[in-house]
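Residue numbers (this note's numbering), protein chains in the order written: chain A, 10 to 161; chain B, 10 to 161; chain C, 22 to 102; chain D, 22 to 102.
Here the structure comes first, spelled out in structure tokens, and everything after it is commentary.
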Amino acid sequence: MIDDYKCTDETISIAITLEAIDTEAMLRFVNSDKSGATVLFMGTTRRLTGERETTRLDYECYETMAIKKMREILDEARSKWAFEKASMAHRTGTVDVGQTSVAIAVSAAHRKVAFEAAEWLIDTLKQVVPIWKQECWADGSREWVHPGFHKT
Amino acid sequence: MIDDYKCTDETISIAITLEAIDTEAMLRFVNSDKSGATVLFMGTTRRLTGERETTRLDYECYETMAIKKMREILDEARSKWAFEKASMAHRTGTVDVGQTSVAIAVSAAHRKVAFEAAEWLIDTLKQVVPIWKQECWADGSREWVHPGFHKT
Amino acid sequence: MIVKVLLFASAKQLVGESHIELGLDDEATLGSAKASLIEHYPMLMNLLPKCTFSVDQEYAEDARPLYHGCEVACIPPVSGG
Amino acid sequence: MIVKVLLFASAKQLVGESHIELGLDDEATLGSAKASLIEHYPMLMNLLPKCTFSVDQEYAEDARPLYHGCEVACIPPVSGG
């Protein structure tokens with residue numbers, strides 16, 4: 010079984026975890042007396058997609074590569090924005106309705122940087138980090154989510 | 010002395026408080042199984058502005074009107090974006106370096122709405138809500154911050 | 022009529038009071054209250070043109086009529102957040 | 022050479038294994054590994070054109086040379102977040 014995968018230095022923290030994501034700890038990590046703004050993004054499991062009901066999401070993750078890609082996109086964000094600190098965490102395994110599957114916290118001297126970097130980080134994470142969700146519908150069916158691929 | 014000023018219904022929560030802002034409670038408030046994204050913005054007291062050092066900020070607030078305006082801008086945000094829930098809190102009194110003076114949490118079905126609404130809410134709060142900060146500089150001097158007005 | 026004028030931040034600091042009372046004509050508007058304020062508190066001369074005003078917790082224009090007991094506030098440029 | 026190919030999500034579900042091993046020529050590239058994969062696991066026929074591949078945890082193109090013991094992964098369209 011996998012344990013938690015982590016990568017942390019003074020200004021960047023990355024985690025893939027089977028446990029609930031501790032957003033308070035992430036906010037403490039990015040807190041800095043050089044920063045005047047912090048943005049926290051949380052992705053949570055939604056019950057309804059259109060009229061279909063989800064009971065939970067099951068995530069699968071290519072952990073070693075996911076940590077590597079998360080590190081790379083944080084480095085790329087650093088080259089675009091002068092943020093102070095950033096923390097990124099993704100759940101793997103089962104995430105029930107209302108729970109957090111992904112969280113990103115960014116602190117910066119000014120708020121525009123924190124907003125832009127946080128939004129770019131979640132947009133980019135969703136495009137390049139090797140993690141997959143399986144919808145577990147209330148009718149008992151299950152379905153891997155692969156944007157752009159529809160089984161025939 | 011003022012007590013905390015509050016205004017809450019099922020989807021909107023507003024507070025002006027002398028105590029530390031409880032962002033965990035705000036995140037619990039906006040959590041909803043209809044939402045897939047939550048954005049939390051926190052404004053914190055920065056130690057350095059250029060090379061000048063701040064020891065703390067002292068906030069003053071026209072509480073009754075501030076609550077009214079915060080309610081109005083949340084209603085206006087609601088007319089612009091279909092967010093699920095929103096919570097807004099502002100400290101008054103002394104806010105030390107590293108502490109949170111303002112926090113805004115927004116949940117929505119999709120992340121773009123949560124990011125846009127949260128950023129618009131903090132931008133608009135800073136323009137229209139009657140709250141003022143006094144910089145308390147490390148050299149002992151103090152200065153009310155009034156954008157666009159410079160004492161001659 | 023008598024109206025209460027709340028003062029905040031630099032306005033409070035300059036006057037040395039958090040609120041003052043103004044005696045005004047019965048037909049007084051917000052504009053005439055501002056004129057009376059500068060007359061009695063000349064230390065507000067420079068700041069006042071940069072301030073907005075509210076009547077009963079709503080931003081208001083100079084033409085806004087006042088009434089006895091209404092709550093006026095002098096609102097220097099805000100800096101919350 | 023022998024390379025390990027990790028399978029995830031639908032790819033894992035279709036094959037019924039989380040990883041498989043492929044025996045390849047010594048000059049094999051990622052492209053020849055993909056051809057061998059479809060040959061041995063035809064159930065991947067529809068999905069594979071939508072997948073990207075990595076070699077040693079880096080996204081890689083078909084021309085990428087492989088070596089004995091390297092870690093290839095078949096990465097269906099991702100859906101984290």
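Quick reminder that beta carbons are idealized off the backbone N, C-alpha and C, glycines included.
Best match in the options for proximity to residue i [C-alpha to C-alpha]
| i | options | result |
| --- | --- | --- |
| B:A29 | B:G59, B:D105, B:R56 | B:D105 |
| A:A95 | A:R151, A:S41, A:R65 | A:S41 |
| A:E144 | A:V39, A:R55, A:I131, A:E19 | A:R55 |
| C:K33 | C:E82, C:L58, C:D77 | C:L58 |
| A:T20 | A:K121, A:Y68, A:V39 | A:V39 |
| A:S150 | A:E72, A:L27, A:D67 | A:D67 |
| A:D31 | A:K43, A:R65, A:F50 | A:F50 |
| A:I25 | A:V137, A:Q136, A:S110, A:R120 | A:S110 |
| A:A127 | A:R37, A:A34, A:G52, A:C16 | A:G52 |
Where residue i sits in the DSSP three-state scheme
| i | result |
| --- | --- |
| A:T54 | coil |
| B:C77 | The sequence given here has Lys at residue 77 of chain B, not Cys. In the structure shown, B:K77 sits in a helix (DSSP, three-state: H, G or I). |
| A:Q108 | coil |
| C:F74 | strand |
| B:L36 | helix |
| A:A29 | coil |
| C:K33 | helix |
| D:L45 | coil |
| B:P156 | coil |
| A:M10 | Only weak support is given to the placement of A:M10: the predicted model assigns it a pLDDT of 36, under 50, and the question is left unresolved by the model. |
| A:D67 | strand |
Minimum Cβ-Cβ distance from residue i to chain B less than 8 angstroms
| i | result |
| --- | --- |
| A:V48 | yes |
| A:A91 | no |
| A:S44 | yes |
| A:E33 | yes |
| C:S53 | no |
| C:G101 | yes |
| C:F74 | no |
| C:A27 | Here the sequence assigns Leu to residue 27 of chain C, which means Ala is not the residue at that position. Yes, contact with chain B. |
Cβ of residue i within 8 angstroms of any chain A Cβ
| i | result |
| --- | --- |
| B:E128 | yes |
| B:V104 | no |
| B:F38 | no |
Element boundaries [alpha helix (DSSP H), containing residue i]
| i | result |
| --- | --- |
| D:A54 | 51-61 |
| B:M97 | Taken as a continuous stretch (DSSP letters only), B:M97 belongs to no alpha helix (DSSP H), being part of the beta strand (DSSP E) at 92-100. |
| B:I131 | 120-137 |
| D:S39 | Looking at the DSSP string, D:S39 is not in any alpha helix (DSSP H), and its letter there is neither H nor E. |
Cβ of residue i within 8 angstroms of any chain D Cβ
| i | result |
| --- | --- |
| A:K142 | yes |
Residue range of the unbroken beta strand (DSSP E) whose run includes residue i
| i | result |
| --- | --- |
| B:R151 | 151-153 |
| C:K25 | 23-28 |
| C:K82 | Looking at the sequence itself, residue 82 of chain C is Glu, so the reference to Lys does not match. It is not in any beta strand (DSSP E) - C:E82 carries neither H nor E in the DSSP assignment. |
| B:E60 | Run containing B:E60: none; DSSP gives neither H nor E here. |
| A:Y14 | 14-17 |
| B:K43 | Where B:K43 is concerned, there is no enclosing beta strand (DSSP E), given that its DSSP letter is neither H nor E. |
Interface flag, residue i vs chain C, CB-CB below 8 angstroms
| i | result |
| --- | --- |
| B:V131 | The amino acid occupying residue 131 of chain B in the given sequence is Ile; Val does not appear at that position. Taking Cβ atoms only, chain C reaches closer than 8 angstroms to B:I131, which makes this a yes. |
| B:K121 | no |
| B:V115 | no |
Residues, ordered as in the chain, of the segment 58-86 of chain B that lie near chain A by beta-carbon distance below 8 angstroms: none
Proximal residues, the segment 55-69 of chain C versus chain B, C-beta separation under 8 angstroms: N67, L68
Chain-ordered residues of the segment 84-101 of chain D with a beta carbon less than 9 angstroms from chain A: E92, A94, I96, P97, P98, V99, S100, G101
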